[in-house]
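Read the structure below first, then the notes.
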Amino acid sequence: DGYRNTNLYQGGRAGNQVSDDYRYQDGNYEGYAPNDGYYRGGDEPAHEEDAQSDVTEGHDEDDEVYEGEYQGIPHPDDIKEKQKQRAPAVADEYRDRADLMAERMEDEEQLAHQYENIIEECGHGRFQWTLFFVLGLALMADGVEVFVVGFVLPSAEKDMCLSSSNKGMLGLIVYLGMMVGAVMLGGLADKLGRKQCLIISLAINAAFAFLSSFVQGYGFFLFCRLISGLGIGGSLPIVFAYFSEFLSREKRGEHLSWLCMFWMIGGIFASAMAWSIIPHYGWGFSMGTKYHFHSWRVFVLVCSLPCIASLVALKFMPESPRFLLEIGKHDEAWMILKQVHDTNMRAKGEPERVFTVSYIKTPKQVDEFIEIQSSTGTWYQRWLVRITTTFKQVWDNVLYCLTAQYRMNTLMLAVVWFTMALSYYGLIVWFPDMIRYFQEEAYESRVKIFDEEEVSHFTFNFTLENQIHRNGEYRNDKFIGMKFKEVRFEDSLFEECYFEDVTSSETFFENCTIISTVFYNTDLYEHKFINCRLINSTFMKEKEGCHLDFEEDNDFLIYLVSFLGSLSVLPGNIISALLMDKIGRIKMIGGSMLISAVCCFFLFFGNSESAMIGWQCLFCGASIAAWNALDVITVELYPTDKRATAFGILNGLCKFGAILGNSIFSSFVGITKVVPILLASSALVGGGLLALRLPETRDQVLM
């Protein structure tokens, strides 16, 4: 009786029912009679308070509880927690899906705030900077891909005999692949993981970009560039979603903006490589008469190097822990976060700092995916079910972005992305085309015209360039081993002449009479004779295929224009990175787009090559801040399990705008400047004003 503590269970009448419930559930305490001499049940007087338990706690002289002794009546909350832990596995099957989703949303909100605290504890250091450069190479590969086709077109059109329509298709096919890849691979990244889908994306791009440098036919080359674009298009939404999930709130805007600089570096890399490789026609080899590997193919090969480097480095980086928590993989996520913490602490010289997080909240899992047993069906049936189920989940994510909660934000972002892409991509294609147009005008102004010349018994063995010959007569002349560039013969007579080993570019014979003339090993094909009379003339052993015989002097200027355009965004990148977290995403987008619209109006005064180059640099520098802020706000507006999907949808719409911009703006080159300038500026003004209605995300945690 000396060990009895009668004060321990005062007020215990209310606890009798709990005690009874507890006995009923566990079935371990009814009639419990230990042999330790402390049990007093059965002999208690009737006047004892009901609050006294049948079993009391044992204490020693230091008031320590004996190990193994019954500790008293459990608290009601403890009983409820035990019931909650036992019930869910069965109860979830009968609960309404809306209730499960509501519970998951509550869990996600708790996780978002806890994860923000964990990332702050991990710090920003060596791990984030390593990931920064790895993902930067992937973003650099995306920038390279945009410029590659534009740089190789002048050479590829001669190497593969491309018509104007074929050239246009080759220019647009990359954007088409990017559009599909962004939506498809971005959606898969929310189901399969950031790292896994980014590896798939880069592997597709690297493989088909490498292959495209070797294929000879136009159709196969077009297909390779399409699939290559599909791969690199999928990398963009994944890169931003992946990197943002390792950044704290105060670092996110700034460092995502620094990451955007790699797109600029990709453009500079492509311009520099094109400038240094493509003009060197001898940097290649031939195998017989059918297979030619010219310098522009070497350039395509070199441009795949950033993608390959990123692919190799990515193998050593972990999956996003935020994604792993989203799918319930707590232990894997914890290990990665500990790795991030330890890496940064060692780099800071504080290896003794301990990662204090022991448990991280994981959202309730409500996915309906059911794994098929290996004994069920054939292997392809199992894979078919897995693939169809995964794509159904991706489609559900796409539809989720249009639900009431996100519909308005998604629609406004879609308009801003589209107007920005229509203006930007349309103008960056229009600028080089206008510069070429000015060059062609200057070139045509220097044309030499020869009227009524008579030449007989003369051997031409040199190059004729930028000339027009009218009403001339050529008798018993020889044209051997020579080149024609931009030469036209109009209303002329060729009698008993001999053409051998002649190569021509933009050369035509109009309304000419050609009598008893032999053409041997030339590329003067039938379409180059317009309304001509060929009498007793012979064509022997015509040249096959197309030939790179003329280096275009204006190609150097095009490379320079692209190089300067890419370099001009450096100040805009720096300013946007430093101010992104200070003035906010919304003001950055709206301000940048409105300033870019003002720059468009100055294009009316661009009547020379140098003026167009200057206004292009100004426009690119002003618009880059809007691109960076769009990337940041798109990442922050959507939850983790929808982030890459939403980014992929909007980026796919962006590429659709690029296709329209390229097609519309290029069609007005040489016709008028008014339509492209007004279209671009009005789109930028409308998109910029609409962007000001978007919610500011600067201070919110990553959901």
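Under UniProt numbering, the residues of the sequence shown are numbered 1 to 703, in order. For every residue, glycine included, the Cβ atom is placed at its ideal position computed from N, Cα and C.
Helix, strand or coil at residue i according to DSSP, with G and I counted as helix
i: residue 711; result: Given that the chain is displayed from residue 1 to residue 703, the structure contains no residue 711 and the question cannot be resolved.
i: His113; result: helix
i: Arg533; result: strand
i: Thr513; result: strand
i: Val518; result: strand
i: Asn409; result: helix
i: His330; result: helix
i: Thr388; result: helix
i: Tyr380; result: helix
i: Tyr359; result: coil
i: His294; result: coil
i: Ser492; result: coil
i: Ser214; result: The sequence shown places Phe at residue 214, rather than the Ser named in the question. Looking at Phe214 - three-state DSSP - the assignment turns out to be coil, as it is neither helix nor strand.
i: Val685; result: helix
i: Gln467; result: strand
i: Tyr498; result: strand
i: Glu454; result: strand
i: Tyr474; result: strand
i: Thr130; result: helix
i: Met540; result: strand
i: Phe223; result: helix
i: Lys485; result: strand
i: Lys195; result: helix
Contact belief for residue i with residue j at Cβ below 8 Å, rounded distance in angstroms
i: Leu170; j: Leu222; result: 6 Å
i: Val148; j: Val300; result: 6 Å
i: Leu684; j: Ser423; result: 5 Å
i: Cys197; j: Leu211; result: No, Cys197 and Leu211 are not in contact; Cβ-Cβ is about 21 Å, not under 8 Å.
i: Ser310; j: Ala577; result: Ser310 to Ala577, Cβ: 21 Å. No contact.
i: Gly472; j: Glu444; result: Between Glu444 and Gly472 the Cβ distance is about 20 Å, and since that is not below 8 Å, they are no contact.
i: Val174; j: Glu145; result: 6 Å
i: Ile677; j: Leu603; result: 5 Å
i: Gly266; j: Asp142; result: 7 Å
i: Ile530; j: Ile515; result: Wrong, their Cβ atoms sit about 17 Å apart, outside the cutoff.
i: Lys485; j: Ser456; result: The Cβ separation is near 24 Å, so there is no contact.
Residue i to residue j span [Cα, whole Å]
i: Gly123; j: Phe246; result: 10 Å
i: Phe431; j: Ala622; result: 16 Å
i: Ala91; j: Lys329; result: Confidence at Ala91 is low in this model, with a pLDDT of 47, below 50, so the placement of that residue should be treated as unreliable; the coordinate-derived value is given next. Rounded to the nearest angstrom, the two C-alpha atoms are 22 Å apart.
i: Ala207; j: Ile659; result: 24 Å
i: Lys673; j: Met434; result: 9 Å
i: Ser235; j: Glu350; result: 35 Å
i: Phe127; j: Thr343; result: 6 Å
i: Lys483; j: Glu500; result: 11 Å
i: Gln616; j: Phe563; result: 11 Å
i: Ser213; j: Ser276; result: 17 Å
i: Met261; j: Arg407; result: 31 Å
i: Trp627; j: Ala421; result: 9 Å
i: His255; j: Thr389; result: 36 Å
i: Val354; j: Leu337; result: 12 Å
i: Val518; j: Ser155; result: 30 Å
i: Met273; j: Leu493; result: 47 Å
i: Leu172; j: Gly186; result: 21 Å
i: Tyr474; j: Asp491; result: 12 Å
i: Cys682; j: Ile586; result: The question names Cys, but residue 682 in the sequence shown is Ser. Going from the Cα of Ser682 to the Cα of Ile586 covers about 19 Å.
Neighbour-count burial assignment, residue i, 16 or more Cβ in a 10 Å radius
i: Gly670; result: exposed
i: Asn607; result: exposed
i: Ile449; result: exposed
i: Trp379; result: exposed
i: Arg194; result: buried
i: Ile119; result: buried
i: Thr538; result: exposed
i: Phe243; result: buried
i: Asn573; result: buried
i: Ala87; result: Note that Ala87 scores a pLDDT of 47, beneath 50, so its modelled location is shaky and nothing firm can be said.
Closest by C-alpha distance to residue i, when choosing among the options
i: Leu524; options: Asn511, Ile515, Lys541 and Ser516; result: Lys541
i: Phe489; options: Arg436, Tyr474, Phe509 and Lys642; result: Phe509
i: Thr503; options: Arg470, Lys543, Glu496 and Asn531; result: Lys543
i: Leu153; options: Ile278, Lys191 and Arg475; result: Ile278
i: Ile613; options: Ile428, Gly648 and Ile227; result: Ile428
i: residue 707; options: Met105, Lys191 and Lys315; result: Since the first and last residues shown for the chain are 1 and 703, residue 707 lies out of range.
i: Val312; options: Ile227, Ala203 and Arg346; result: Ala203
i: Phe656; options: Arg346, Tyr425 and Gln216; result: Tyr425
i: Glu116; options: Arg386, Arg252, Ala270 and Lys191; result: Arg252
i: Glu696; options: Thr645, Asn662 and Met588; result: Met588
i: Met412; options: Met105, Gly687, Ala112 and Phe132; result: Gly687
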